[in-house]
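These notes concern the structure reproduced below.
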Amino acid sequence: MSDVLTFTDTRVLRAIQLVWQEAAVLDAKDYVAWESMYTDDAMYVIPIDPDTDDFASSLNMVYDDKRMRSLRVQRMMQGYAPSAVAAARTVRIVSRFTVEEVDDDAVILRSAQILNAFKRDAFSTIGAEMTHRIALSDDGDKIALKVARLIDSEDAVSASGYLL
Amino acid sequence: MTTIERPTRGFSDLAENDRVAGALYTDPEIFDEEMKKIFYRTWVWVAHESEIPEAGSFKTTQVGDQPVIVTRDRKGNFNTLLNRCRHRGATVCDQRSGKANGFTCPYHNWSYTLDGRLRGIPYPDGYEGVVDKNDFPLQKLRTESYLGMIWATFDQDIEPLEEFLGDAKIWMERFLKQSNGFPTKVLGAHKFRFKGNWKIQLENTTDGYHFPMVHKSWMASVDAETANMMSFMDDPAAETHALGNGHSVAIMAAAHADLDVDNGDEEIQPRFQHLVDELEQAGESPERIRRYMRSMHGCGFNLNMFPNIAMSSSFFRVLVPISVDVTEVWHMAIGMDGGPESINRERLRIHEHFQGPFGFGSPDDAEGWDRVQIGAGGNPNMPILVNRGQNREYTTEEGWPTSHVTDETGMRESYDMWKRMMSDV
Ligand code: FES
Ligand SMILES: [Fe+2]
Numbered sequence: 001m002s003d004v005l006t007f008t009d010t011r012v013l014r015a016i017q018l019v020w021q022e023a024a025v026l027d028a029k030d031y032v033a034w035e036s037m038y039t040d041d042a043m044y045v046i047p048i049d050p051d052t053d054d055f056a057s058s059l060n061m062v063y064d065d066k067r068m069r070s071l072r073v074q075r076m077m078q079g080y081a082p083s084a085v086a087a088a089r090t091v092r093i094v095s096r097f098t099v100e101e102v103d104d105d106a107v108i109l110r111s112a113q114i115l116n117a118f119k120r121d122a123f124s125t126i127g128a129e130m131t132h133r134i135a136l137s138d139d140g141d142k143i144a145l146k147v148a149r150l151i152d153s154e155d156a157v158s159a160s161g162y163l164l
Numbered sequence: 001m002t003t004i005e006r007p008t009r010g011f012s013d014l015a016e017n018d019r020v021a022g023a024l025y026t027d028p029e030i031f032d033e034e035m036k037k038i039f040y041r042t043w044v045w046v047a048h049e050s051e052i053p054e055a056g057s058f059k060t061t062q063v064g065d066q067p068v069i070v071t072r073d074r075k076g077n078f079n080t081l082l083n084r085c086r087h088r089g090a091t092v093c094d095q096r097s098g099k100a101n102g103f104t105c106p107y108h109n110w111s112y113t114l115d116g117r118l119r120g121i122p123y124p125d126g127y128e129g130v131v132d133k134n135d136f137p138l139q140k141l142r143t144e145s146y147l148g149m150i151w152a153t154f155d156q157d158i159e160p161l162e163e164f165l166g167d168a169k170i171w172m173e174r175f176l177k178q179s180n181g182f183p184t185k186v187l188g189a190h191k192f193r194f195k196g197n198w199k200i201q202l203e204n205t206t207d208g209y210h211f212p213m214v215h216k217s218w219m220a221s222v223d224a225e226t227a228n229m230m231s232f233m234d235d236p237a238a239e240t241h242a243l244g245n246g247h248s249v250a251i252m253a254a255a256h257a258d259l260d261v262d263n264g265d266e267e268i269q270p271r272f273q274h275l276v277d278e279l280e281q282a283g284e285s286p287e288r289i290r291r292y293m294r295s296m297h298g299c300g301f302n303l304n305m306f307p308n309i310a311m312s313s314s315f316f317r318v319l320v321p322i323s324v325d326v327t328e329v330w331h332m333a334i335g336m337d338g339g340p341e342s343i344n345r346e347r348l349r350i351h352e353h354f355q356g357p358f359g360f361g362s363p364d365d366a367e368g369w370d371r372v373q374i375g376a377g378g379n380p381n382m383p384i385l386v387n388r389g390q391n392r393e394y395t396t397e398e399g400w401p402t403s404h405v406t407d408e409t410g411m412r413e414s415y416d417m418w419k420r421m422m423s424d425v
């Protein structure tokens, strides 16, 4: 399939739309809405090792199944976590999409993300290579896998209370 | 409130037994003096042996603010080499870790062996009668290891490592029992920076007082058994011992302080049931399974070894001073080299849950530390208090000043060492 056809494929457009929506929801810190964007068996991963796909056997920054995502959302919302209460404001751009796979059930997208964060007089920028697997369904499309590979994942990463 | 005057000569007067000046976090001159008088003069932790497993393995890190390479050479010896070419000073290695036959400086290709000898100079005719290769090895630090932990020092005349560790050695041994008889292995590291002085993190490792407040969100996310294990605030068996030479240990869960001692009271947590089932299937004995499951919680204490390494619960905590107001922290997850892989995997999940830039615990610590740095800049002469529990401190038969785990005995020990080293001429 040529690139032009890929980006006019409505299945791909639906997937891209969901990835952009997720970015907007995270910038808005609407974590309840964010949680509902995932399928029950989805994994959300921020690995440290830039080359691995065996996340279960590696140390990750985030390795969340449904249970951990739900705990994470509670943590972000409940007001007990000083870092979440004082979280940086963020603006993120997700673009440079490439389509890895597409069929009627799922689309696998890769993309680049630049996240700009501001907290206490300081701007920071985080760059990441993203992989999303979007499960397509008439009942609403959902994220079935998200992997955010930070370009500095093996060095000192500072999070300021937000999610990637 | 009393303030502490900045002395005109030397800084050791800025620390008293129960308080230290805020300037200790903010004054760049103090930081420079700490590098010289502390980090270049004592044993600084650089690696765990499992990080450099074979001949040719290396990792790069810092001793104080200076870049070093830690290597294992052909003879199996550990070397710590200043990462600075003897020609014009370029770093000879810029990878975090790897395997190599030696190091070749990328600038003019002077090459060095794994133990730092200068092996080759390209186009050597310009150096005939000018440079004898024997005179220009990479600078080598003294390097010693104990129980797999490797320390290095610029001071060639310092006391042997084991003497420096002193009573911390007993606790190192206990800590490593969580590997259940297998060698301990570093499984990975979370690295993050905070905008604050290194001593803020040094203090934190044996600060039980902050735990229920700062880590309330983590406590809310774990099961009742785990929360119960970490509810040490009113537990009189939860104590902090000062061990000498700046080292201290904070015991949060006394029942886990020595994993060889099991009074049988503790129930194995239901969340580990899938592992129990798996190990039973594999034919492991009930005793062995119980031991594995208990070890999953780590050692029940935080051991702080001055100036830059802690063995904390179930991980190593390394601090790297970057500048007066920036510190890098590495939380290195540990597991067993051998044994059931599923246990190492579970340990990774437990580590991820608390540690790292997106963990449920570390970012909240970092939030507090950032604020200490900013706040301490408001009147740096005003003291930082480390006097909690002075009223109930006593000395054990081992000679360890001791008080409750929420008390500041560990910090007083660190600052006592700081003061001693900073007053050395
Ligand atoms: S600086 Fe290293 S070879 Fe010249
Ligand atoms: Fe903490």
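Chains as they are written, first to last, in UniProt numbering: chain A, 1 to 164; chain B, 1 to 425. The beta-carbon is built from N, C-alpha and C at its ideal position, and this holds for glycine as well.
Using a Cβ-Cβ cutoff of less than 8 Å, which residues in the same chain neighbour residue i once the five nearest sequence positions on both sides are dropped?
i: Glu266 (chain B); result: Ala255, Arg294
i: Asp18 (chain B); result: Leu385, Val386, Asn387, Gln390, Arg412
i: Thr98 (chain A); result: Leu109, Arg110, Ser111
i: Lys99 (chain B); result: Glu54, Gly56, Ser57, Phe58
i: Ile158 (chain B); result: Arg41, Thr42, Trp43, Arg142, Phe164
i: Pro28 (chain B); result: Ser323, Val324
i: Gly196 (chain B); result: Tyr25, Asp325, Val326, Thr327, Trp369, Asp370, Val372, Gln373
Counting only the same chain and skipping the five closest in sequence on each side, list residues whose C-beta sits under 7 Å from that of residue i.
i: Thr153 (chain B); result: Thr42, Trp43, Val44, Leu141, Arg142
i: Ser70 (chain A); result: Glu35
i: Thr91 (chain B); result: Pro67, Asn83, Arg84
i: Lys199 (chain B); result: Leu24, Tyr25
i: Arg149 (chain A); result: Pro47, Pro50, Ala128, Glu129
i: Tyr31 (chain A); result: Val73, Met76, Met77
i: Met1 (chain B); result: Note that Met1 (chain B) scores a pLDDT of 49, beneath 50, so its modelled location is shaky; the value from the coordinates is reported in the next line. Met382, listed in sequence order.
i: Thr52 (chain A); result: Ser58
i: Asp365 (chain B); result: Asn204, Val214
i: Gly264 (chain B); result: none
i: Thr33 (chain B); result: Contrary to the premise, residue 33 (chain B) reads as Glu rather than Thr in this sequence. Hits under 7 Å: Phe11, Met422.
Enumerate in chain order the residues of its own chain whose CB-to-CB distance from residue i is below 6 Å, with the five nearest sequence positions on each side excluded.
i: Arg74 (chain B); result: Ala55
i: Glu328 (chain B); result: Arg193, Val320, Ile322
i: Lys419 (chain B); result: Ser12, Ala15
i: Thr355 (chain B); result: Residue identity check: residue 355 (chain B) is Gln in the sequence provided, not Thr. Only His190, His331, Ser362 meet the Cβ criterion.
i: Arg347 (chain B); result: Gly335
i: Ser313 (chain B); result: Gly298
i: Cys105 (chain B); result: Cys85, Ala90, Val92
From which residue to which residue does the beta strand (DSSP E) around residue i run?
i: Phe175 (chain B); result: Here Phe175 (chain B) belongs to no beta strand (DSSP E); instead the alpha helix (DSSP H) covers 168-176.
i: Ala106 (chain A); result: 106-119
i: Val425 (chain B); result: That residue, Val425 (chain B), is in no beta strand (DSSP E); it is neither H nor E in DSSP.
i: Tyr146 (chain B); result: 140-146
i: Phe136 (chain B); result: Careful: Phe136 (chain B) lies outside any beta strand (DSSP E) and carries neither H nor E.
i: Tyr107 (chain B); result: Neither: Tyr107 (chain B) is in no beta strand (DSSP E) and is coded neither H nor E.
i: Arg89 (chain A); result: 89-102
Does DSSP classify residue i as helix, strand or coil?
i: His404 (chain B); result: strand
i: Thr10 (chain A); result: helix
i: Met1 (chain B); result: Confidence at Met1 (chain B) is low in this model, with a pLDDT of 49, below 50, so its placement is unreliable and the value that follows should be read with caution. If DSSP states are grouped into helix, strand and coil, Met1 (chain B) belongs with coil.
i: Arg41 (chain B); result: coil
i: Met43 (chain A); result: strand
i: Val25 (chain A); result: helix
i: Met130 (chain A); result: strand
i: Lys195 (chain B); result: coil
i: Tyr123 (chain B); result: coil
i: Lys75 (chain B); result: coil
i: Ile251 (chain B); result: strand
i: Pro270 (chain B); result: helix
i: Leu163 (chain A); result: coil
Would you please state the rounded distance, in angstroms, between the beta carbons of residue i and residue j? I believe it to be under 8 Å.
i: Gly188 (chain B); j: Ala310 (chain B); result: Their Cβ separation, rounded to whole angstroms, is 17 Å, which puts Gly188 (chain B) and Ala310 (chain B) out of contact at 8 Å.
i: Ala242 (chain B); j: Pro401 (chain B); result: 4 Å
i: Ala42 (chain A); j: Ala144 (chain A); result: 5 Å
i: Arg349 (chain B); j: Tyr63 (chain A); result: 7 Å
i: Ala122 (chain A); j: Thr90 (chain A); result: Not really, about 13 Å apart at Cβ, beyond 8 Å.
With respect to the alpha helix (DSSP H) encompassing residue i, which residues constitute its N-terminal and C-terminal limits?
i: Tyr25 (chain B); result: 23-26
i: Pro67 (chain B); result: Per DSSP, Pro67 (chain B) belongs to no alpha helix (DSSP H); it is in the beta strand (DSSP E), 66-72.
i: Val63 (chain B); result: Run containing Val63 (chain B): none in the alpha helix (DSSP H); it sits in the beta strand (DSSP E), 57-63.
i: Lys66 (chain A); result: 66-78
i: Val214 (chain B); result: 211-214
message = Taking 8 Å as the cut-off, does the region 97-117 of chain A touch the region 171-182 of chain B (at least 3 CB pairs, one atom from each stretch)?
response = no
- Message: Can you confirm whether the region 114-127 of chain A touches the region 147-164 of chain A when touching is taken to mean that 3 or more C-beta pairs between the two stretches lie within less than 8 Å?
- Response: yes
TODO: Examine the Cβ distances between the region 75-83 of chain A and the region 199-218 of chain B and report whether three or more of them are shorter than 8 Å.
DONE: yes
Quiz prompt | Inter-stretch contact (C-beta, 8 Å, three-pair minimum) for the region 111-120 of chain B and the region 271-285 of chain B | solution = no
inquiry  = For the structure I just gave you, are there three or more beta carbon pairs, one from the region 285-294 of chain B and one from the region 243-251 of chain B, closer than 8 Å?
reply    = no
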